[in-house]
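Chains as they are written, first to last, in this note's numbering: chain A, 1 to 393; chain B, 394 to 786. Glycine included, every Cβ here is placed at the ideal spot set by N, Cα and C. Before any comments, here is the structure.
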């Protein structure tokens, strides 16, 4: 058991225009490299408190239990589900993409009887559909994906919580891709539990999952008759670890990752949420104009499109892998492949957080023209750039 | 929902002599700050392959499934248990400290019928005790802690796997605190599944959990009749994400944390395992000499002491919190409090990875003298330093 020692890592500088991770600000990278302190050091407790306070602003909530789970977005999903579901509970999950499907799988593993409310990939649910599913299946828990990372569709959230609460259930929301890039209003929307990821519109590397639990969710957690099946994600213990008054050791938090998130959140608040959302929209409009001018179609109806994740159909006759590979190797630009049933059918072009800027939009359109041209795709040279530039006038 | 933006993080430089995290090398901090790439980027796949190859050397195993779980050590523990335990399985867990107790809790949440084989904190198990428990309780899974982080006791591992295998069971081993600091010989010992943490003797910040699964463990995983209860930690999917030939998306790995682990492992292999283990022993001997000269007693019998985690009794009349607080605030040195029933009774003085060096041993003994002197503890001034220096002659 020996092996040659590999050379020192020398990561290339990419432009990350896939479904996440997005580009990381150098200030965040520098924060990651600050000296590690103990996880019970008073200095780190201060960092944890500040991370919580800033996450509350980003989530638009006053929920005391607003933390960064020590795992990636999928760990946050699992934390929400396993803390709120007890074996035998009924759960309704909206499945209109890979991540709704994942939530169903997670809930079934937690012992829930799950009714999957289905919609084709790229579409969203109406309030009537949700109301019907809730009345029919009488769930204790409802799970909805706000921003489907696999399809680029945005679920309107207004009105859903009332339906769920009127039926005595609690509402879990996936906002992995939306948080920090468009409004996520936990309290206004009445969402009881939500989770996100750090590597999307917060532009921090992956490794933590922002999570918030409101009063109804906590009440449900407190009323459990069985232990949460995951020790690592058991919020009845994790909440004491993050408690601002008297901390109780649970696990060892990823110290340096929390430094990174702290700095990423500072950048978000410095910019201001409204300015940040407007920036994401504007760059989306420019990208949309450019792609449309090249004859490329979006996979999601206009009114449901996520500005930070643009799913478009791969034009007929164009080689999916060849284009993505040329973009990466010749231009250092990463875009995402389609996921699940969309594999080979769509590209997912992310404009998340730091990535969302005019320079990247123009750069990408120029590089895409090059790649499409190599594939003999018929288009008007320069039309994409020109249309995007019109938006930036 | 708004909050003042806190000032930029400005982490103090500590000497981390607690039970982990340990000091992080500046090379590892610099690696954390390399540009984030996509988690399916060919460059990151290369990093993953190299991390796996280096982890195999450190674990002394040829197991193909040797990876870094995307969570801290407790996530690695949960990964081992939930993948190998199905509801109703019998498990024997050695409980001689907090982490054995944690494994019992995790196993019960996974539906196991657990027999806790108990020993007072600080002691270890004999082969006869283990054999008796296995014969009596006929478990499918046995869990043993190699290095009890809560007590500083080291469980001899030779001979245990034969007992477990003869009974048709598989052996899980916790080596969170030992890996990289003293021999951990997965293949020689016949351990079927093991997990560790990055923030102990590997001297990488917390956030990942090195894990290895051998053929018997994989066979058991493949033969499961029910899904693993955790989606996030389901190794039947995670193994394909880490597969060297054709990767399948599962979750998004913590990219920059893996850069850090990559560099930490390079440092371990550059030093060489045997040299590294000898260094941990020598600094332990020096610390032991110094503490003994001051009249401080170890909490673990000499033959079972972990060189990287020195649990000592707090001398009578000395204020636990006052000493730890003075060490931290006046000298920037962190040591650990006692955990569980040892709270207020012991200190845990870590000499792990980068922290384990003569300079830190001498520095700590000098600072401890200062703190004990402030508490009017009777001792011969300078005796600790002199005794430690004798070891370094």
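CB contact flag (residue i, residue j, <9 Å)
i, j, result
"residue 429 of chain B", "residue 256 of chain A", "no"
"residue 70 of chain A", "residue 600 of chain B", "yes"
"residue 353 of chain A", "residue 201 of chain A", "yes"
"residue 479 of chain B", "residue 617 of chain B", "yes"
"residue 575 of chain B", "residue 670 of chain B", "yes"
"residue 567 of chain B", "residue 588 of chain B", "yes"
"residue 590 of chain B", "residue 545 of chain B", "no"
"residue 334 of chain A", "residue 102 of chain A", "no"
"residue 579 of chain B", "residue 454 of chain B", "yes"
"residue 295 of chain A", "residue 19 of chain A", "no"
"residue 107 of chain A", "residue 93 of chain A", "yes"
"residue 328 of chain A", "residue 608 of chain B", "no"
"residue 113 of chain A", "residue 134 of chain A", "no"
"residue 263 of chain A", "residue 8 of chain A", "no"
"residue 347 of chain A", "residue 326 of chain A", "no"
Beta-ladder partner(s) of residue i, from DSSP
i, result
"residue 251 of chain A", "Per DSSP, none; premise fails for residue 251 of chain A."
"residue 542 of chain B", "DSSP lists no partner for residue 542 of chain B."
"residue 547 of chain B", "B:540"
"residue 115 of chain A", "A:92"
"residue 174 of chain A", "A:145, A:195"
"residue 220 of chain A", "Beta-bridge pairing links residue 220 of chain A to no other residue."
"residue 334 of chain A", "A:16"
"residue 605 of chain B", "B:459, B:587"
Per-residue DSSP class, three states only, for residue i
i, result
"residue 127 of chain A", "helix"
"residue 78 of chain A", "helix"
"residue 63 of chain A", "coil"
"residue 588 of chain B", "strand"
"residue 704 of chain B", "strand"
"residue 535 of chain B", "strand"
"residue 670 of chain B", "helix"
"residue 346 of chain A", "strand"
"residue 298 of chain A", "strand"
"residue 733 of chain B", "helix"
"residue 305 of chain A", "strand"
"residue 653 of chain B", "helix"
"residue 430 of chain B", "coil"
Chain B within 9 Å of residue i, Cβ atoms only
i, result
"residue 192 of chain A", "no"
"residue 225 of chain A", "no"
"residue 65 of chain A", "no"
"residue 308 of chain A", "no"
"residue 236 of chain A", "no"
"residue 10 of chain A", "yes"
"residue 257 of chain A", "yes"
Residue i classed as buried or exposed, judged by whether at least 16 other C-beta atoms fall within 10 angstroms
i, result
"residue 209 of chain A", "buried"
"residue 246 of chain A", "exposed"
"residue 752 of chain B", "exposed"
"residue 394 of chain A", "Any question about residue 394 of chain A goes unanswered here, given that chain A covers just 1 to 393."
"residue 372 of chain A", "buried"
"residue 769 of chain B", "exposed"
"residue 489 of chain B", "buried"
"residue 696 of chain B", "exposed"
"residue 46 of chain A", "exposed"
"residue 343 of chain A", "exposed"
"residue 541 of chain B", "buried"
"residue 104 of chain A", "buried"
"residue 127 of chain A", "exposed"
"residue 419 of chain B", "exposed"
Within-9 Å CB hit, residue i to chain A
i, result
"residue 639 of chain B", "no"
"residue 432 of chain B", "yes"
"residue 486 of chain B", "no"
"residue 482 of chain B", "no"
"residue 550 of chain B", "no"
"residue 565 of chain B", "no"
"residue 417 of chain B", "yes"
"residue 399 of chain B", "yes"
"residue 656 of chain B", "yes"
"residue 716 of chain B", "no"
"residue 396 of chain B", "yes"
"residue 498 of chain B", "yes"
Of the residues that make up the region 571-584 of chain B, which ones have a beta carbon closer than 8 Å to any beta carbon in chain C?
Although the question refers to chain C, the structure presented lacks it and instead comprises the protein chains A and B.
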